[in-house]
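Below you'll find the structure, written out as structure tokens, and then a few comments.
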Amino acid sequence: MTVKNHQEFLRKIAPECMVLLKSDGSFPLSGPQSIALYGNGARYTKKGGTGSGDVNVKQFLNIETALKKAGFEITTTEWLDSYDAAYEKAWRKFRNSLRRQIAEQGLSAFLSCMGAAMPEMEYDFPMEAGGDVCLYVLSRNSGEGTDREVKKGDFLLTDTEIRDIRKAGEKYERFLLVLNVGGVIDISPVVDAAPNILLLSQTGMMTSEVLCDVILGKSYPSGKLASTWAAWEDYCHEGDFGKQDDTRYREGIYVGYRYFDTVCKNPLFPFGFGLGYTSFQTELLGLEKEAARIRVKVSVTNCGERNGKEVVQAYVSVPEGKLDQPYQVLAAFEKTDELKPGESQVISLEFNLKDLASYCREISARILEKGSYRIYIGNSSRETVPAGTVILNEDIITEKVTSIADQPDFMDYRPEKKCQSGQAQEEERRETLYITREDFASCEDMRQICPKKTDDEILAVMETMDNCELAYLCVGNFQDEGNKSVIGNAGTVVVGAAGETTRIFQERGISSIVMADGPAGIRIAPKYGRDEEGVYSVDGGNLEELADILPDEMRRLFLQKDRTEKRKGEIFEQYCSAIPVGTAIAQSFSRKAAEQCGELVAEEMEQYGISLWLAPALNIHRNPLCGRNFEYYSEDPLVSGCMAAAVTRGVQSRSGCGVTLKHFACNNQEQNRMHSNSIVSERALRDLYLRGFEIAVKDSSPAAVMTSYNLLNGEHTSSRKDLLTGILRDEWGFDGLVMSDWVVTGVVSGKKYKYPSASASAAVRAGNDLFMPGGKADYEDIIRATEQPDALYPVTRKDLMTSAYRVLKTVKRLAQKKSE
403 MTVKNHQEFL RKIAPECMVL LKSDGSFPLS GPQSIALYGN GARYTKKGGT
453 GSGDVNVKQF LNIETALKKA GFEITTTEWL DSYDAAYEKA WRKFRNSLRR
503 QIAEQGLSAF LSCMGAAMPE MEYDFPMEAG GDVCLYVLSR NSGEGTDREV
553 KKGDFLLTDT EIRDIRKAGE KYERFLLVLN VGGVIDISPV VDAAPNILLL
603 SQTGMMTSEV LCDVILGKSY PSGKLASTWA AWEDYCHEGD FGKQDDTRYR
653 EGIYVGYRYF DTVCKNPLFP FGFGLGYTSF QTELLGLEKE AARIRVKVSV
703 TNCGERNGKE VVQAYVSVPE GKLDQPYQVL AAFEKTDELK PGESQVISLE
753 FNLKDLASYC REISARILEK GSYRIYIGNS SRETVPAGTV ILNEDIITEK
803 VTSIADQPDF MDYRPEKKCQ SGQAQEEERR ETLYITREDF ASCEDMRQIC
853 PKKTDDEILA VMETMDNCEL AYLCVGNFQD EGNKSVIGNA GTVVVGAAGE
903 TTRIFQERGI SSIVMADGPA GIRIAPKYGR DEEGVYSVDG GNLEELADIL
953 PDEMRRLFLQ KDRTEKRKGE IFEQYCSAIP VGTAIAQSFS RKAAEQCGEL
1003 VAEEMEQYGI SLWLAPALNI HRNPLCGRNF EYYSEDPLVS GCMAAAVTRG
1053 VQSRSGCGVT LKHFACNNQE QNRMHSNSIV SERALRDLYL RGFEIAVKDS
1103 SPAAVMTSYN LLNGEHTSSR KDLLTGILRD EWGFDGLVMS DWVVTGVVSG
1153 KKYKYPSASA SAAVRAGNDL FMPGGKADYE DIIRATEQPD ALYPVTRKDL
1203 MTSAYRVLKT VKRLAQKKSE
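Quick note on the numbering used here: the sequence shown kicks off at 403 and runs consecutively.
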């Protein structure tokens, strides 16, 4: 596809990612007209978050410009101009405070500030524009390195926003509150005042144009919430968040709707919820089973007057025995095709009962406990009807595994008050199926390692290498000890790419893997130069956008102006397409849409010479304050895993293109992320935080997996052999490359932390094959570990051979292109 075709595709797909939260029927409009436009997002519209998840695009229109282009007349120019003046003043103050912080604290402050978003300010401008139609666009942003805060102007609305939104609701006959946000915000003070609320989200480079299409009825929102929206005080606060050293996940499995539905607490908008411009009726047609596989057939009919799509969801209430259970869990979901008024479609919701098994630490196994498995269907976690019951007459061990990750110093939270089904009589009238032990395949012992096929050609090459050469394969391509690679700017072949594997073996026919950040598209420098010496960075590549917050001395260091200004080659552009952020893709509840987004990314990977995309990211939305939640899909592991698998299939449908699932695992906060210890029970780990990764690995065979910055129960994830070898490879059958995140050994000297930085030698020993972006210290650490038997993390030649083999195997896999 051309750039124009990419724009057309995104314009078509983005409405599926938008969620209509409230509607009184006054939208869509019949045509362009005069419109009162308010809010910080009118001119400062956000296409996506900040940090490594950002994408450099050729053009991005704000909402005001897009509305004008669509034929609307904006009646609030004076208000918007006043906001501009106040914003510039507030931004200068905010920027200067960041500069002072960085100047005083150095690089550690820069790493925290790189994702910092200016809190929304207070102001008082008159809202005097007349007319009947009003849009208030409320924007928030967040990014890598910084978590959000429960403060006005961030997670909470400002007094100004509350006042103006409520006033707009009173003043204008047709009023739409537009939420241009990447994550949840607490809109409880205004939810009653806005008759129409659209979660626009951050849907990439066509965000503003698509909003115009939706307002005019040229397209329609058909998304559903991938995470629960609630007032801050209503979330589960049993566990820690944002702790400097140790973050205890005391809430256990009760995250998101698993908590709200279990304790009967009403959120503002439940998981899976979303309206449209039409309405649907869902009729249960039947319940079937094939062995332990359950199939629920339903008919969905469009009962309204406009076209639309519906998402049907199947939930299961798992019986409690020795293990406590949430009220229900999502077991399956399907999105209909576009249905015209009066049109119907029969769809099947399928799941294997085995996938509902819970982990029991006492016997190191996943188990299904005997009892009634009640199935519900609906269009959100709170709007369901009984579909039937599956009876299991005995406990079943579905998988035997090896216990990992140590035991935390607390017991997981178990709610005292639990919702009970109030639909017992209706349930009795529904179909009942019976499942026995014979319906399950023979119990799988996941500790049995299946033999893997080896590539004799690669082995032969490795036999000619000494340990020093093998060690080069286990670290990224490094040239110096600069810190520019902290946010993914270490590429030399593709300017602004995140990094590469070593290039020292080019003469032996071993190419390097070129990597680029994601997950909202490909993140590379927007421009580069080329002269007789080769390609070079222009204005610091991806660092240019951060220059404004840097003190002068540090800005010169990072942007390398003294070096680049001497080169006078030809300048080229390499702008990319910004797709919807991860959360928005998940809100589509469409595997097809997710896969098509992956296909778009693969096209641009081929165009710019990228082999490995550092995405998708699928950490769980554990807490709405996580600064990178916009990159992640959902609070639910099934949605997360299915979306990641679909994106992976899309990217890897083109030979030579691979993905990297990240961040493995429990990367759920940005505070002190390189030294933060996530303390998690093994049940919560396996049933919630690893489950999405398991689904994606098994369903889509990703080329690579990236370990996370944080520690897990006292040890860095890049050093956990039980996680990387025991679970990922031996249990799930992963056969690809495992790499570290960028600069996990630390870039800040002199600062003391409770926990040490990660170690390259420990990583190789554990099965983390590639240390990125690579540096001399990492290389020397590995070599010392091979030469000193008493090293803290001794590395054998076999360890080196194992990791180097996986690197070379991935190089070979990604070097293969489809024949034209």
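We put the CB at the ideal spot given by N, CA and C, even for glycine.
Check the Cα spacing between Q503 and each of K491, Y489 and A518: the tightest is with A518. Around the beta carbon of P528, fewer than 16 other beta carbons lie within 10 angstroms, which makes this residue exposed. Every alpha helix (DSSP H) of 4 residues or more that sits fully in the stretch 554-602 is shown, in chain order, as 561-573. If you draw a straight line from the Cα of V803 to the Cα of A767, it is about 5 angstroms long.
Counting along the chain, Y836 sits inside no alpha helix (DSSP H); it lies in the beta strand (DSSP E) bounded by residues T834 to I837. Collapsing the DSSP output to three states places H1077 in coil. Residue pairing from DSSP places M1141 in a beta bridge opposite M1108 and L1172. Non-local C-beta neighbours of D561 in its own chain, meaning closer than 8 angstroms and more than five positions away in sequence, comprise E524 and K554, ordered along the chain. By the CB criterion at 8 angstroms, A1105 and G1052 fall outside the cutoff. Assigned with DSSP and collapsed to three states, M917 falls in strand.
Distance from the Cα of M1174 is smallest, within the candidate group I1185, V1146 and A1168, for V1146.
Annotated as proximal: L537 and I437, with beta-carbon spacing under 8 angstroms. Counting only unbroken stretches of 3 or more residues, the beta strand (DSSP E) elements lying wholly within the stretch 673-707 are 682-692 and 695-704, in sequence order. In this structure, N1069 and Y1111 form a Cβ contact; the two beta carbons are roughly 6 angstroms apart against a cut-off of 8 angstroms. Assignment of A759 by DSSP, reduced to helix, strand and coil, places it in the coil class. In its chain, beyond the 5 residues on either side, T703 and C705 have a beta carbon closer than 7 angstroms to the beta carbon of Q683. Inter-residue distance for Q747 and T786 is about 19 angstroms (C-alpha atoms, whole angstroms). Closest in alpha carbon position to G658, among D648, T649, R652 and P669, is P669. Within the same chain, L412, K449, A980, I981 and P982 come within 6 angstroms of G606 by CB-CB distance, once the 5 residues on both sides are set aside. Bounds of any beta strand (DSSP E) do not take in R969, whose DSSP letter is neither H nor E. Beta-bridge analysis with DSSP links A716 to A734 and I779.
Going by beta carbons, Q998 and S603 fall outside the 8 angstroms limit.
Of E410, T467 and L1210, the smallest CA-CA separation from D858 is found for L1210. The Cβ neighbour count for M1045, taken over all protein chains shown within 10 Å, is at least 16; the residue is labelled buried.
In the three-state reduction of the DSSP assignment, Q747 falls in the strand class. Between the stretch 565-572 and the stretch 999-1015, the count of C-beta pairs closer than 8 angstroms stays below three; the two stretches do not touch. D811 has its alpha-carbon roughly 18 angstroms from the corresponding atom of G644.
Counting only residues of its own chain and dropping the five nearest sequence neighbours on each side, A1187 has a CB closer than 6 angstroms to the CB of S1163, A1193, Y1195, P1196 and V1197. Here DSSP, grouped into helix, strand and coil, assigns L1087 to helix. Annotation: P928 is outside any alpha helix (DSSP H) and is labelled neither H nor E by DSSP. The beta carbon of T630 sits closer than 7 angstroms to those of G658, Y659, F662, P669, P672, F673 and E1037, all from its chain and outside the five residues before and after it, given in chain order. Collapsing the DSSP output to three states places L1020 in coil. Comparing alpha-carbon positions, the option among E611, Y1155, L758 and A807 lying closest to L794 turns out to be L758.
Secondary structure of H408 (DSSP, three-state): helix.
The straight-line gap separating the alpha-carbon atoms of L1063 and G1000 is approximately 13 angstroms. Relative to the Cα of L875, the nearest Cα in the group T738, R905, V895 and T1109 belongs to R905.
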